[in-house]
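A.B. asks: Heads up: the sequence shown at position 263 corresponds to 274 in full-length UniProt numbering, and the numbers run straight through without jumps.
Beta carbons: idealized from backbone N, C-alpha and C, even for Gly.
Could you have a look at this structure, given as structure tokens, before my questions?
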Amino acid sequence: ITVAAVRETSAGERRVAITPEIARKLRGKGLGVLLERGLGEAAGFPDAAYGDVEWGDAGSVLARADALLAVQPSAAHAAQLRAGAALIGQLRPYGAGERVAQYAARGLSAFALELLPRTTRAQAMDVLSSQAAVAGYRAMLIAAEAAPKFFPMLTTAAGTIRPARVLVIGAGVAGLQAIATARRLGAQVEGYDVRPETREQVESLGAKFLDLGVSAAGSGGYARELTAAERAAQQQALADHLKNVDVIVTTAAVPGRPAPKIISAAMLAGMKAGAVVVDLAAEGGGNCEGTRPGERVRIGGVEVLGPLNLPAGAPLSASEMYARNLANFLELLVKDGALAPDFADELVAKTCLAHGGEVRFRA
Ligand code: NAD
């Protein structure tokens, strides 16, 4: 089969789904690799780095692809694939009923890697994890840049500068990477999550676990949505605590649900002037009241930033991980050089949105 990728078209997207390393690996397995010219330029991979692959313009690549690997495929790209072709990437499956119906109607085999179960076997394909790690790292760098004070403690001839106090809300993959990054920069760091098992993970990074007395473990290793009473308890405990914090990075999410609102306007009003909030959940509506996706706003004395698509800001590293994830997943779909998805495999079954003309996933 021919495995293909075209330049990403969504605004600001600089990642690529096939890197030179992965192109070589696919060729080594006897697969054809067909790419749009200039594919990896924005990520730091010039065409010459790809070696022995075929090149074309987007239209011819899409028309010939047996499997299209993508970061965020556009509807226009999907519409140019042949019936029977596989589309693999971040397909934003939640609330996408109409788009999924179109995949089915066009006879595509569509796989949304966001739906991979978080099992040990799936780890090597887990794009949510690899890209969340990039996002968490970048979010903390953005916070450090926006903060009016140093992260580390400095003892100088001009006196001592106290370290910044950083709080990370949501200690999943992104949050833990944000904590690690803040620690490397020398800040005094606390982490908070509603899943009790995160305490040990936060502490293992040298940060303090903030215990607000609310525990809400859901299924599959994810959090569940808080009840109104739990939310009120969380907010009350948090409000007092935020008065002394210089920087907050929020990463809280519940799959398929709007981002939980954790920081209220009243809490912001109680914070130090010059404090910074970087809301990594901006895309899903934000963890902070007043977050504007893609913008930096001043609310009272606090700077609230809602950066979008943070992984695209470190496109080389993000693409290296993403492309490996996708290539590992593709191995599940290919038998003896042909596309042959095995639906007895839960990783295949759970990620499949459409196949053989049928819709296989409903959010
Ligand atoms: P996520 O992006 O869905 O959510 C981020 C964090 O926000 C989570 O830790 C969640 O508990 C937290 N959260 C949700 N609501 C909150 C609230 N109201 N207040 C505070 N925090 C809140 O999560 P994720 O980073 O994708 O990871 C979720 C889980 O999956 C973790 O247990 C992680 O260890 C696990 N995981 C497992 C694998 C694997 O085994 N293959 C891979 C990746 C992640």
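Write down the C-beta distance between G41 and G348 rounded to the nearest angstrom, noting that I regard them as a contact closer than 8 Å.
C.D. replies: 6 Å
A.B. asks: Taking only three categories from DSSP, how would you classify D137?
C.D. replies: coil
A.B. asks: For the ligand NAD, is there a heavy atom less than 8 Å away from the beta-carbon of A264?
C.D. replies: yes
A.B. asks: If contacts are defined as beta-carbon pairs under 8 Å, then P100 and L80 qualify, I think. What distance do you get, rounded to the angstrom?
C.D. replies: For the record, residue 100 in the displayed sequence is Gly; it is not Pro. Contact flag correct, Cβ pair sits at about 6 Å.
A.B. asks: Mapping DSSP to helix, strand and coil, what is D58?
C.D. replies: helix
A.B. asks: Please state whether DSSP places Q306 in a helix, a strand or coil.
C.D. replies: Going by the sequence as given, residue 306 is Glu instead of Gln. If DSSP states are grouped into helix, strand and coil, E306 belongs with coil.
A.B. asks: How big is the Cα-Cα spacing for P31 and Y61?
C.D. replies: 4 Å
A.B. asks: Should T171 go down as buried or exposed, given a rule of 16 or more other Cβ atoms within 10 Å for buried?
C.D. replies: exposed
A.B. asks: A154 and P174 look like a contact to me (Cβ under 8 Å); what is the Cβ gap, rounded to whole Å?
C.D. replies: With 8 Å as the limit, A154 and P174 do not qualify as a contact, their Cβ atoms being about 14 Å apart.
A.B. asks: Should D137 be listed as close to the ligand NAD, given that the test is whether its C-beta is under 8 Å from any heavy atom?
C.D. replies: For the ligand NAD, at least one heavy atom lies less than 8 Å from the Cβ of D137.
A.B. asks: Is there at least one non-hydrogen atom of the ligand NAD closer than 8 Å to the beta-carbon of R129?
C.D. replies: yes
A.B. asks: With 16 as the cutoff for other CB atoms within 10 Å, does T130 come out buried or exposed?
C.D. replies: Classification for T130: exposed.
A.B. asks: Between the Cα of R132 and those of L343, H366, M282 and G368, spot the shortest distance and give me the residue it belongs to.
C.D. replies: L343
A.B. asks: Name the one or two DSSP bridge partners that G202 has.
C.D. replies: V179 and F220
A.B. asks: Can you tell me which of the three DSSP states G70 falls into?
C.D. replies: helix
A.B. asks: Could you tell me which of G231, V260 and I273 sits nearest to Q246, measuring between CA atoms?
C.D. replies: I273
A.B. asks: Nearest-angstrom Cα distance between A135 and Q142?
C.D. replies: 12 Å
A.B. asks: Distance cutoff 9 Å, beta carbons only. Does A143 sit that close to anything in chain B?
C.D. replies: As a matter of chain content, chain B is missing from the structure shown, which is built from one protein chain.
A.B. asks: Alpha carbon to alpha carbon, how far is R149 from G51? Give it in angstroms, no decimals.
C.D. replies: 21 Å
A.B. asks: Taking the alpha-carbon positions, what's the D290 to L187 distance?
C.D. replies: One C-alpha to the other measures close to 15 Å.
A.B. asks: Does the Cβ of T20 have 16 or more other Cβ atoms within 10 Å, making it buried, or fewer, making it exposed?
C.D. replies: exposed
A.B. asks: Do L119 and G95 count as a contact pair if the criterion is CB distance below 9 Å?
C.D. replies: yes
A.B. asks: In chain order, what residues of the same chain lie with their CB nearer than 7 Å to the CB of T13, ignoring the 5 residues before and after it?
C.D. replies: Cβ neighbours of T13 beyond the five flanking positions: G43, L45, R75, A76 and D77.
A.B. asks: Starting from A263, trace the beta strand (DSSP E) both ways and give me its first and last residue.
C.D. replies: That residue, A263, is in no beta strand (DSSP E); it is neither H nor E in DSSP.
A.B. asks: Considering only residues of the same chain and omitting the five flanking positions on each side of A146, which have a CB-CB separation below 7 Å?
C.D. replies: A185, L291, L321 and P322
A.B. asks: With DSSP as the reference, identify every bridge partner of T166, one or two as the case may be.
C.D. replies: T171
A.B. asks: Roughly how many angstroms lie between the CA atoms of P304 and K346, to the nearest whole one?
C.D. replies: Between P304 and K346, the alpha-carbon positions lie close to 43 Å from each other.
A.B. asks: Less than 8 Å between the CB atoms is what I'm expecting for residue 375 and G49, so what's the real figure, rounded?
C.D. replies: Absent from the model: residue 375. The displayed extent of the chain is 12 to 374, so no value can be given.
A.B. asks: In whole angstroms, what separates the C-alpha of G183 from that of R38?
C.D. replies: 35 Å
A.B. asks: Please list, in chain order, all residues of the same chain as F162 whose beta carbon is under 7 Å from its beta carbon, the five residues on each side excluded.
C.D. replies: A155, P174, A175, A193, L196, G197 and A198
A.B. asks: For D356, count the other beta carbons within 10 Å of its own beta carbon; 16 or more makes it buried, fewer makes it exposed. Which is it?
C.D. replies: Label assigned to D356: exposed.
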